[in-house]
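Following: one structure in C-alpha cells, then a few remarks.
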Amino acid sequence: MFATSMKKSFRYLNKKKYLYLLLMPGIIYFLVFNYVPMYGVIIAFKDFNFAKGIWNSAWIGFENFRYMFGLSDFYTVFWNSLYLSFLKLAIGFPFPILLALFLNEMRNRTYQKITQTIIYLPHFISWVVIGGILVNFLSPSWGVLNLFLKQLGIEPIFFLADNDYFRPLVVLSSVWKDSGWESIIYLAAIVSINSELYEAAGIDGASRLQRLWYVTIPSIKSTIIILLILRLGHIMNNGFEQIFVLQNPMNLGVSEVFETYAYRVGILGGRFSFGATVGLFTSVIGLIFLLASNRIAKFMKEDGIW
Amino acid sequence: MNIRSRGDKLFDIVNYTCLTLFALACLFPFFYVAAFSVTPYNEYLANPLKLIPNKLEFSAYTQIFKMDQLWTGYRNTIIITVLGVCINIFLMIITAYPLSKRDLKGRSFALVLITFTMFFNGGLIPNFYLIKSLDMYNTLWSLVLPNALGAYNLLLMKNFIGNIPPSLEESASIDGANELRILFRIIVPLSKPAIATFVIFHAVTQWNTFFNAIIYTSKRDLWPLMLIVRDMVVDSGGVAKDVMDAGTSGVTEFTIKMAIIIFSTLPIILVYPFMQKYFMKGILVGSIKG
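So the sequence lines, in the order shown, correspond to chains A and B. Residues in the first sequence are numbered consecutively from 2, following the numbering used here. Residues in the second sequence are numbered consecutively from 580, following the numbering used here.
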C-alpha cells in the first residue's frame, strides 16, 4: 500500500520534474531571504552576541521588551510613528482616488495621457534626490523659498529645523511624489466599469458629479477597501528613506520613527537584540492592524484581502 | 438641458485647471533644479524664481565631472542595476511559470509561503545578520540579492502567465516539447509586455538603491550613487563643500549640488518617456482583481 503510493508520487514527480525544478530556486530564495530572517526574530528574546551566533546566545525571555517599554524614548517614537502614519493616511490615501476620478473625467484623451505621464514621474525619482531638492530649496541660507521670502521682507525660516513644519512637509512631499502613481490602480478599476451603468445613469438624468458619486465610487469600492487594508498593514512603516533624508538633529523630536530608531540603536549603536526587539514589535503591530482591518471589512460584508 | 451643460462646462474648467496645476507642480521642481545648475550664483541670488538665466554657466558640471566618488558611485549603481535586473527577471519567470499551473501539487502551499512574506518580515537586524552570515556584507551582492525576488511582482507575473490561453501550450506539448522548452519558446515571448514592465520597475528600484546600501555597506568605494548623492547634496558637511574649500573656481556649493542632482537623475529622466507606455498595460489591471 505504502509502496504503491510512493511509486505513484514518484511517477507524478517524474512527470512534473521540470516544473518542480523551475520552482526550486524561487522557493529556496524565499526560504533564505525571508524565512531565515523571520527565524532570526528570536534575537529579540536573546542576549545576542555576534561571536556566539543566534543559537548559542543566551535566552533572556522578554527582558528586551521590558526594557523597551520602560524607555521614555520609546513612547515618543511610537507617537511620532503613529501620528505621521495616520496623517499620511488621512491625506495621502484619498488623494490618489480623487486624482483617478478626475483624470477619468478628462475627455481630451491626449491631454489626459500627458497629465498622467507627468504626475507619475516623481514616483520614479529616489527619495534621496527629492530630499536633496527639498533640503536645498528650503535652506535658510540659499533656499529658493527663503530668498523669495526675504525679497518680500520676511525673515528666513529654517523649515527643517522647525518641529511645526516637519510633519506637513513629510505628508506634502509624499503626496506630491506618490499619489500620481497610486492613482493608476484606481484608474484601472474605473476603466473596467461596465459602460452600460453610465448610460443608464445618463438616461436617468444624472449629472456628472452624480454619476461619480452613484456609479464610479461604488464600483471601485472593493479596490479602495483592499488598498486600505494593505495600507493599514503598513501603518508602522513611515518610509525609512524619506524620513531619513529629511531628518536632522534639530527635528529629531518629531522625526524619529521606528524605522530610523531601529537603525540608530541596532546598526549604528550595535545593540542588535534591542534593535531586533523594536523591529519585531513594529512587525507584530502591523500584522495586527492588517488582520483586524481585514476582519472588519469581512464583518461589513466587503471583500477582504483573502 | 442648458443648466446641465453649464454645470458640465464648469466641472470641466475646474477639473482641467486643478489637474494641470498638479502636473505643473510635479514638473517644476525639476525644471528649477536644472535651471539653477546652470545659473551663475549671483544671478540666482538676485532673482531666485527666474527659470531661464541670462547667462548659462556650466562650470558646476566641469567641477563635478572631476569628482572620482561620483564616478565610482555611477559604476556601482550600473553594476547593481544590470545584475539585479537580470537575476530578478530570470528568477521571476522561472518561479512564476510553475506557480501558474493550477493542477501542480504543492502549488497552494508555495503560494501561501510566498504571500505571507508580503505581510510579515524579520526586520532590520535579522536581515543584517543574514547578510553578515552569508559573507555578503560590504559586497555588491548585498545590494542585488536581498531584493532579487519580491512576492508582489511575482504574483502579478504569475497572474499574467496564468491568463495566457492554455491552448497555445497544449499544441506544443503534443509535439513532445517539455516544460522548459514551452516556457522559453512560448511563454516568455508571449509575456514580453509584462517582462518589459518588470525590467523597468526593477531597474528603477536598483538605480535608486539606498536603504540596503546604508545598512550593508560601509566602504565608500562600494557606495551606489544614491549614497554619494546623500553625502554630497543632503548632508551639508558633504563632499561638495570639500571641493569648494579646495576653491579653484567660483562655483558655489549650491550650484554644485543642483548639478549633482541632475547628473544622478539623468538616466531615469532620459528613459522615462520610453517607459511610460508600459504603465497602463494590462499587468496592473489584472493584479487588483486577481
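All C-beta atoms, glycine included, are put in the ideal place defined by N, C-alpha and C.
Beta-carbon proximity of Tyr795(B) to Ile710(B), cut-off 7 Å: Against the second sequence, residue 795(B) aligns to sequence position 216. Against the second sequence, residue 710(B) aligns to sequence position 131. Taking the C-beta atoms as reference points, Ile710(B) is found nearer than 7 Å to Tyr795(B).
Counting only beta-carbon separations shorter than 7 Å, does Trp60(A) have a partner in chain B? Residue 60(A) sits at position 59 when you count from the first residue of the first sequence. Judged by the 7 Å Cβ criterion, Trp60(A) is not in contact with chain B.
Residues of chain B with CB under 8 Å from Tyr121(A), in chain order? Along the first sequence, read from residue 1 onward, the residue named residue 121(A) stands at position 120. For Tyr121(A), the neighbours in chain B by C-beta distance under 8 Å run, in chain order, Gln855, Phe858.
Buried/exposed call for Gln117(A), threshold 16 Cβ in 10 Å: Walking along the first sequence from the start, residue 117(A) turns up at place 116. It counts as buried.
Rounded to whole angstroms, what's the CA-CA distance from Ala91(A) to Leu213(A)? Just pull it up for me. Taking the first sequence and counting its residues from 1, one reaches residue 91(A) at position 90. Taking the first sequence and counting its residues from 1, one reaches residue 213(A) at position 212. C-alpha separation (whole angstroms): 21 Å.
Quick check on DSSP: helix, strand or coil for Ala59(A)? Numbered from its first residue, the first sequence carries residue 59(A) at position 58. Strand at Ala59(A).
How is the alpha helix (DSSP H) around Ser284(A) delimited, first residue to last? Position 283 of the first sequence, counted from the start, is the residue given in the question as residue 284(A). Ser284(A) -> alpha helix (DSSP H) spans 273-300.
Interface residues of chain A around Met805(B) at Cβ under 7 Å? For the purposes of this step, residue 805(B) is taken as residue 226 along the second sequence, with counting starting at 1. Within 7 Å of the CB of Met805(B), the CB atoms of chain A belong to Ser127, Val129, in sequence order along the chain.
Please confirm if Glu106(A) has its CB atom under 7 Å from at least one CB of chain B. Indexing the first sequence from 1 puts residue 106(A) at position 105. Yes, its Cβ sits closer than 7 Å to a Cβ of chain B.
Residue from Ile191(A), Val216(A), Phe87(A), Val192(A) whose Cα sits closest to the Cα of Gly203(A): What you label residue 203(A) is simply residue 202 of the first sequence in a count that begins at 1. It is Val216(A).
Decide if Pro803(B) is buried, meaning its Cβ has at least 16 other Cβ atoms within 10 Å, or exposed. Here residue 803(B) corresponds to residue number 224 of the second sequence, with the count starting at 1. It is buried - the Cβ of Pro803(B) has at least 16 other Cβ atoms within 10 Å.
Is there a Cβ from chain A that is less than 7 Å from the Cβ of Tyr676(B)? The residue labelled residue 676(B) in the question sits at position 97 within the second sequence. Residue-level contact check: Tyr676(B) touches chain A, since one or more beta carbons of chain A fall below 7 Å from its beta carbon.
Using 8 Å for Cβ pairs, my map puts His24(A) next to Ala689(B). What's the rounded Cβ distance? Translated into the one-based positions of the first sequence, residue 24(A) becomes position 23. Translated into the one-based positions of the second sequence, residue 689(B) becomes position 110. The residue you asked about is not His; residue 24(A) is Leu in the sequence shown. Contact annotation, Leu24(A) with Ala689(B): C-beta distance approximately 7 Å; criterion of less than 8 Å satisfied.
Opposite Lys47(A) in the DSSP bridges: which residues? If you number the first sequence from 1, residue 47(A) lands on position 46. For Lys47(A), the beta-bridge partners assigned by DSSP are Trp60(A).
Using a cut-off of 8 Å between C-beta atoms, extract the partners of Pro725(B) located in chain A. Here residue 725(B) corresponds to residue number 146 of the second sequence, with the count starting at 1. The answer, in chain order, is Phe34.
Please name the residue in Ile779(B), Gln785(B), Pro744(B), Thr776(B) whose C-alpha comes closest to that of Ile765(B). Along the second sequence, read from residue 1 onward, the residue named residue 765(B) stands at position 186. Measuring from the Cα of Ile765(B), the nearest candidate turns out to be Pro744(B).
Minimum Cβ-Cβ distance from Glu183(A) to chain B less than 7 Å: Reading the first sequence from its first residue, position 182 is the one you call residue 183(A). Contacts with chain B at 7 Å (Cβ-Cβ) do not include Glu183(A).
So Gly132(A) and Ile230(A) are in contact, right, with Cβ under 8 Å, and what is the actual spacing, rounded? Here the question's residue 132(A) lines up with position 131 in the first sequence. Here the question's residue 230(A) lines up with position 229 in the first sequence. Rounded, the Cβ-Cβ distance is 29 Å, inconsistent with contact.
Which class does Val255(A) belong to by DSSP, given the choice of helix, strand or coil? Within the first sequence, the letter at position 254 stands for residue 255(A). The answer is helix: DSSP assigns Val255(A) an H, G or I state.
Do you know offhand how far Asp800(B)'s Cα is from Phe644(B)'s? Mapped onto the second sequence, residue 800(B) falls at position 221. Mapped onto the second sequence, residue 644(B) falls at position 65. The straight-line gap from Cα to Cα measures roughly 17 Å.
Within chain A, partners of Pro608(B) - CB distance below 9 Å: By 1-based counting over the second sequence, the position of residue 608(B) is 29. The contacting residues are Pro123, Ile131, Ile134, Leu135, Phe138, Trp177.
Cα-Cα separation between Val37(A) and Met805(B), rounded to whole angstroms: On the first sequence, residue 37(A) is found 36 positions in, with the first residue counted as 1. On the second sequence, residue 805(B) is found 226 positions in, with the first residue counted as 1. Separation of Val37(A) and Met805(B) (C-alpha to C-alpha, rounded to the nearest whole angstrom) is 28 Å.
Nearest-angstrom Cα distance between Ile126(A) and Glu183(A)? Position 125 of the first sequence, counting from 1, holds the residue named residue 126(A). Position 182 of the first sequence, counting from 1, holds the residue named residue 183(A). Using only the alpha carbons, I get a separation of about 15 Å.
Which residues in chain A sit within 8 Å of Ala639(B), going by Cβ to Cβ distance? Taking the first residue of the second sequence as 1, we reach residue 639(B) at position 60. Within 8 Å Cβ-Cβ: nothing; Ala639(B) doesn't reach chain A, min ~13 Å.
In the structure shown, what three-state DSSP assignment does Arg686(B) receive? Residue numbering aside, residue 686(B) sits at position 107 when the second sequence is read from its first letter. Annotated three-state conformation of Arg686(B) is helix, per DSSP.
Could you check how far apart the C-beta atoms of Trp177(A) and Cys597(B) are, in whole angstroms? I think they sit under 8 Å. Here the question's residue 177(A) lines up with position 176 in the first sequence. Here the question's residue 597(B) lines up with position 18 in the second sequence. That belief does not hold up - the Cβ atoms of Trp177(A) and Cys597(B) are roughly 14 Å apart, past 8 Å.
Can you tell me the Cα-Cα spacing of Leu161(A) and Val691(B), whole angstroms? Within the first sequence, numbered from 1, the residue matching residue 161(A) stands at position 160. Within the second sequence, numbered from 1, the residue matching residue 691(B) stands at position 112. Distance between the alpha carbons of Leu161(A) and Val691(B) is about 43 Å.
Which residues, in order along the region 737-754 of chain B, keep a beta-carbon less than 9 Å from a beta-carbon of chain A? Cβ contacts with chain A come from no residue of the region 737-754 of chain B.
Using DSSP with H/G/I as helix, E/B as strand and the rest coil, what is Tyr13(A)? Position 12 of the first sequence, counted from the first residue, corresponds to residue 13(A). In the structure shown, Tyr13(A) sits in a helix (DSSP, three-state: H, G or I).
Taking the beta carbon of Ile592(B) as the centre, do at least 16 other beta carbons fall within 10 Å, making it buried, or is it exposed? Here residue 592(B) refers to the residue found at position 13 when the second sequence is read from its first residue. Taking all protein chains in view, the Cβ of Ile592(B) is surrounded by fewer than 16 other Cβ atoms within 10 Å, so the residue is classified as exposed.
Answer yes or no: does any C-beta atom of chain A fall closer than 7 Å to that of Asn667(B)? Position 88 of the second sequence, counting from 1, holds the residue named residue 667(B). Residue contact check for Asn667(B) against chain A: no CB pair falls below 7 Å.
Relative to the alpha-carbon of Phe259(A), which residue among Asn105(A), Asn65(A), Phe94(A), Ser82(A) has its alpha-carbon at the smallest distance? Counted from its first residue, the first sequence places residue 259(A) at position 258. Residue Ser82(A) is the option with its Cα nearest to Phe259(A).
Judging by CA-CA distance, which residue of Arg168(A), Asn57(A), Ile29(A) is the nearest neighbour of Leu253(A)? The count along the first sequence starts at 1 and reaches residue 253(A) at position 252. Leu253(A) has its Cα closest to that of Arg168(A), out of Arg168(A), Asn57(A), Ile29(A).
Please report how far the alpha carbon of Lys8(A) lies from the alpha carbon of Met69(A), in whole angstroms. For the purposes of this step, residue 8(A) is taken as the residue at position 7 of the first sequence. For the purposes of this step, residue 69(A) is taken as the residue at position 68 of the first sequence. Cα-Cα distance, rounded: 55 Å.
Can you name the residues of chain A whose CB is closer than 9 Å to the CB of Ile693(B)? Sequence index remark: in the second sequence, residue 693(B) carries index 114 (1-based). Residues of chain A whose Cβ lies closer than 9 Å to the Cβ of Ile693(B) are, in chain order, Gly27, Ile28, Phe31, Asn35.
Using a Cβ-Cβ cutoff of less than 8 Å, which residues in the same chain neighbour Ala819(B) once the five nearest sequence positions on both sides are dropped? Residue mapping note: residue 819(B) aligns to position 240 of the second sequence, counting from 1. For Ala819(B), the predicted structure reports a pLDDT of 49, less than 50, and the residue's modelled location is therefore unreliable. A value from the coordinates is still provided. Closer than 8 Å at the Cβ level, and outside the excluded window around Ala819(B), lie Met811, Val812, Glu832, Ile835, Lys836, Ile839.
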